[in-house]
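Engineer: Below is a structure I'd like to ask you about.
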Amino acid sequence: MTWRLRVPASSANLGPGFDALGLALGVYLECHVEPAGKLEIKVEGRDAALISTGPDNLIWKTAETVANDRQQALPPIRLHIHNDIPLGKGLGSSAAALTAGVVIAEQLLGLNWKPNRVLDEAARLEGHPDNVAACVLGSIVASAIDSGGTVRAVRLALPERYQVAVVVPDFTLPTSHSRAVLPSGYSRQDTIHNVQRVALLMAAIATGTTSAFPVALEDRLHQPYRTALVPGLAEILRLRAPGLLGCTLSGAGPSVLVFYERGSEQVCDLVRQVFALHRREAEVVTRNVSADGYRIEKDPTHS
């Protein structure tokens, strides 16, 4: 039987929620899976040339890791990948691939895992749960790993009155580079600042309290150190306009999340204009939050 898997892109941090908050985005990685005599991988879509079609493909390698950990072997498949997630832009492309690999292994091996078990495995392989939690559960997710290694995650819906857009500039920023500029420790003042903002942000989203923005999106733990890596970011974070709730760096960057009130789509152009002033082109990739995490559908007609 042929089946199809769809995994959303994701953004982490959402300003003050460093390594704690994730958001599923309305742009997707799709995988069509069917039995085959030997492994065959075909890739199309965005940045397809950057995605391996060999056994070192991240999706397949992840699936093999899951199988090897259980001392089982995966049957050969024909894997047709259609990718719409920009690579190297802070939109969780690797987290989507890891999640896809775990789900593919779970299906092929008949492990009967519930989403929470898939999340535990994906977070173990990723090393942190923020992006993969959004990939698995959808919408906005707060997550943490407990002392036993289990992910504790709570999903929260974005109020209908708010929207989030992703503005993607025309350059990449390796996560390792973006992580390297962060300090090894933080002051009590900066830590308290972020704890207050992330609490305010989650309360504002839960209740639809617009007046709490943009203060609730302020951050001192990662964005101030990354502004030098993203031309125009400092100005973008200071943008204020009617209908604009605020902007944040998407994950490790360089993409930017734009939070705004429904009907105020024009505020995204302000972000693009700032990038343009710094001689960088930018595009709005999506204006939608994915309410759902990964989804599996039987697809007997695909070939």
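Residue numbering for the sequence shown follows the numbering used here, beginning at 162 and increasing consecutively. Glycine residues also receive a C-beta, built at the ideal position from the N, C-alpha and C atoms. Since the model is a prediction, treat every value here as computed from it, not as a measurement.
1) Quick check: what's the CA-CA separation for A437 versus A443?
2) Pull up the DSSP beta-bridge partners for S172, would you.
3) Quick one: Cα of P385 to Cα of P247, how far?
4) For the segment 218-285, list the beta strand (DSSP E) runs that are entirely contained and at least 3 residues long, ordered along the chain.
5) When you compare only the Cα positions, how much space is there between D281 and V297?
6) On the three-pair Cβ rule with 8 Å, is the segment 252-267 touching the segment 221-234?
7) What does DSSP give as the partner residues of C192 in its beta bridges?
8) Within the same chain, show all residues whose beta-carbon is closer than 6 Å to that of V435, passing over the 5 residues directly before and after it, in chain order.
9) Could you check whether the segment 405-425 touches the segment 327-347, counting it as contact only if at least three pairs of C-beta atoms, one from each stretch, sit closer than 8 Å?
10) From G187 to N244, what does the alpha carbon distance come to, in whole angstroms?
11) Buried or exposed: which applies to S451, given that a residue is buried once 16 or more other Cβ atoms fall within 10 Å of its Cβ?
12) May I ask which residues mark the beginning and end of the alpha helix (DSSP H) holding I457?
13) Does the segment 416-434 come into contact with the segment 311-329, if we say contact requires no fewer than three beta-carbon pairs (one atom in each stretch) closer than 8 Å?
Structural biologist: Let me lay it out:
1) Taking the straight line joining both Cα atoms gives about 8 Å.
2) Bridge partners of S172: L184.
3) Answer to the nearest angstrom: the Cα atoms are 24 Å apart.
4) DSSP runs (the beta strand (DSSP E)) wholly in the segment 218-285: 238-244.
5) Looking at the two C-alpha atoms, the distance is approximately 10 Å.
6) Contact between the segment 252-267 and the segment 221-234 is present, because at least three Cβ pairs lie under 8 Å.
7) Under DSSP, C192 takes part in a beta bridge, and its partners are L166, I242.
8) For V435, where only same-chain residues beyond five positions count, the Cβ hits under 6 Å are G393, E396, I397.
9) Segments in contact, yes.
10) Near 13 Å, if we compare the C-alpha coordinates of N244 and G187.
11) With 16 or more Cβ atoms within 10 Å of its Cβ, S451 is classed as buried.
12) That residue, I457, is in no alpha helix (DSSP H); its beta strand (DSSP E) goes 456-459.
13) With contact defined as three or more Cβ pairs closer than 8 Å, the segment 416-434 and the segment 311-329 are in contact.
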